[in-house]
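A.B. asks: Everything in the sequence shown is counted per the working numbering, starting at 1304 for the first residue and increasing by one.
Handing you a structure now.
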Amino acid sequence: MNTATVGLLVLIALGLIVLAVLFTFIPVALYISAWAAGIRISIFNLIGMRLRRVIPSRIVNPLIKAHKAGLAITTNQLESHFLAGGNVDRVVNALIAAERADINLPFERAAAIDLAGRNVLEAVQMSVNPRVIETPIVAAVAKDGIEVKVRARVTVRANIDRLVGGAGEETILARVGEGIVTTIGSAESHKKVLENPDAISQTVLSKGLDAGTAFEILSIDIADVDIGKNIGAQLQTDQAEADKRIAQAKAEERRAMAVAREQEMKAYVEEMRAKVVEAEAEVPHAMAEALRSGKLGVMDYLNLQNLNADTEMRQSLARVGDDDQPIKDITKK
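Written out as C-alpha cells, the structure is:
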C-alpha cells in the first residue's frame, strides 16, 4: 500500500469523524422533521439553541405539535419558557387541550401557571371534567348536645383565571368543614339535621367558599350523616364528677382540720392536767412552809388530815355502792 492510499484513507476517516461531530452538534434530524411539518426554522437557529444550552428536541417537537394544532407559537416563546425552568411540552399540550375545549388560554398565562408550580394540563382537564373531592368526616355538635358526623363530596372545577395566586384544595376542604360545623352548631336539634341534610349543602354553598381559590365549587353533596356521642350529657357527667371530687377534697380538708383540732385539744387538756398536778405538788410545800412559819398549828394540820381521811372514806363507800347496784337490781328482779 503506497503513501497516497494511506493518506486517502486517513482523510476519509477524518471526514467521517467531522461529519459525526457535526451531526451530533447540529440536529439535522430535527431540522428535517421541522421542514417536513411545515415549520421554517433555520439550521443556524438550531445551532444557536445548542450554544444557548437549550435542548433543541424540547423546543422543536412541541413546536411541531402546536403548529399541527393551529396554534401561533414562536420558538422564542418556547425557548424563554424552557430557560425559565418550565415544562414546554406540558404547556403546549395544555394549550392544545384548551383550544379543543374552546377555553381562552393565552401562552403567557399558561406559562405563568406552569412556572407557578401548578400542573396547567391538569387544570385544563379539570375545567372540562370537574373533579369530586371527598371531605374527611367532620364532627359537630348541635344545640341539644348531640354530636353529628358528616362526610361530604365537593364538585369543583378549575378556574383558569385564578390559578396563579389562588388557594388550593386544602383551603376548599377547610372552608367546607368550617361551614358544616357552623351549620350543625346553629341547629336547634340533631333531628333537624337528620331530617334535612341538604340544608347543610345549601347553607355552605351560600357562603361563597370558593372566593380567592383556584377552583369554582359547583355543588356540595352530603354523602353520609351519622350520630356520634351525647357530648352534652358527657360534659354534664364530667362536671358532676369534678364537683364531687371538689366536695370530697373539701370534706377531707375539714376532717383533717377537725382531727388536728382534736389533737390540739387533747394536748391542751394534758397541759392543763400537768399544771394541776404541778399546783397540787405545791400544796405540801406550802403547808410545810406554814408549819415552819407558825401560820399553821399542829392541831390544824391534824384536823385537815382527819378531814381528808373522812372524805376518802366517803368516796370509797360511794364507789362500793355504785358497784353493788347492779347486783341488787338483779336480786329484785
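Just so you know, even glycine gets a beta-carbon here, dropped at the ideal spot from N, CA and C.
Every value quoted in this text rests on a predicted model; they were computed, and no experiment measured them.
1) Figure out for me which residue from Ala-1442, Val-1467 and Ile-1523 has the closest Cα to the Cα of Thr-1516.
2) By a C-beta neighbour count over all protein chains shown, 10 Å radius and 16 as the cutoff for buried, is Tyr-1334 buried or exposed?
3) Whole angstroms is fine: what's the gap from Val-1623's alpha carbon to Ala-1554's?
4) Do you know how far the Cα of Tyr-1604 is from the Cα of Gly-1610?
5) Tell me the rounded alpha-carbon separation between Leu-1312 and Ile-1320.
6) At the level of alpha carbons, what is the spacing between Tyr-1571 and Ala-1577?
7) Might you give, ordered along the chain, the residues of its own chain that have their beta carbon closer than 7 Å to the beta carbon of Leu-1317, omitting 5 neighbours on each side?
8) Roughly how many angstroms lie between the CA atoms of Arg-1557 and Val-1580, to the nearest whole one?
9) So the beta strand (DSSP E) Glu-1425 belongs to, where does it begin and stop?
10) Quick test of the definition: if touching needs 3 or more C-beta pairs under 8 Å, does the segment 1499 to 1515 touch the segment 1428 to 1437?
11) In three-state DSSP terms, what is Asp-1405?
12) DSSP three-state label for Ser-1522, please.
13) Closest to Thr-1458 by CA distance: which of Ile-1475, Glu-1450 and Val-1528 is it?
14) Counting only beta-carbon separations shorter than 9 Å, does Arg-1393 have a partner in chain C?
15) Just to check my reading of the structure: Asp-1447 and Ser-1509 have Cβ atoms closer than 8 Å, yes? What is that Cβ distance to the nearest angstrom?
16) Given that a residue counts as buried once 16 or more other Cβ atoms are within 10 Å of its Cβ, and exposed if not, what is Ala-1445?
17) Taking the DSSP output, what are the residues bridged to Ala-1461?
18) For Arg-1454, which beta-bridge partners are listed by DSSP?
19) Should the segment 1419 to 1427 be regarded as contacting the segment 1480 to 1497, the criterion being three or more beta carbon pairs within less than 8 Å?
20) Relative to the C-alpha of Gln-1380, which candidate in Ile-1362, Val-1441, Ala-1550 and Arg-1393 has its C-alpha closest?
21) Measure the CB-CB distance between Gly-1531 and Glu-1437 and report whether it falls below 9 Å.
22) Between Arg-1355 and Phe-1518, what straight-line distance do the alpha-carbon atoms span, to the nearest angstrom?
23) Assuming Glu-1402 contacts Leu-1374 (C-beta within less than 8 Å), just tell me the rounded distance between them.
24) I need the straight-line Cα distance from Ile-1463 to Leu-1398, nearest angstrom please.
25) So is Val-1391 buried or exposed if we call it buried at 16+ other beta carbons inside 10 Å?
26) Nearest to Val-1453 by CA position, among Met-1616, Ser-1336, Ala-1543 and Ile-1525, is which residue?
27) According to DSSP, is Val-1444 part of a helix, a strand, or is it coil?
28) When we look at the beta-carbon of Glu-1567 and count the other beta-carbons within 10 Å, is it buried (16 or more) or exposed?
29) Need the endpoints of the alpha helix (DSSP H) that Glu-1382 sits in, please.
C.D. replies: If we stick to the structure as given:
1) Val-1467
2) buried
3) 47 Å
4) It is worth fixing the name first, because residue 1610 is Leu in this sequence and not Gly. One C-alpha to the other measures close to 10 Å.
5) 12 Å
6) 10 Å
7) none
8) 34 Å
9) Segment 1423 to 1431 is the alpha helix (DSSP H) holding Glu-1425; no beta strand (DSSP E) there.
10) no
11) coil
12) strand
13) Ile-1475
14) Here there is only one protein chain, and chain C is not present.
15) Their Cβ separation, rounded to whole angstroms, is 24 Å, which puts Asp-1447 and Ser-1509 out of contact at 8 Å.
16) buried
17) Phe-1518
18) Asp-1527
19) no
20) Ile-1362
21) no
22) 38 Å
23) 6 Å
24) 12 Å
25) buried
26) Ile-1525
27) strand
28) exposed
29) 1378 to 1386
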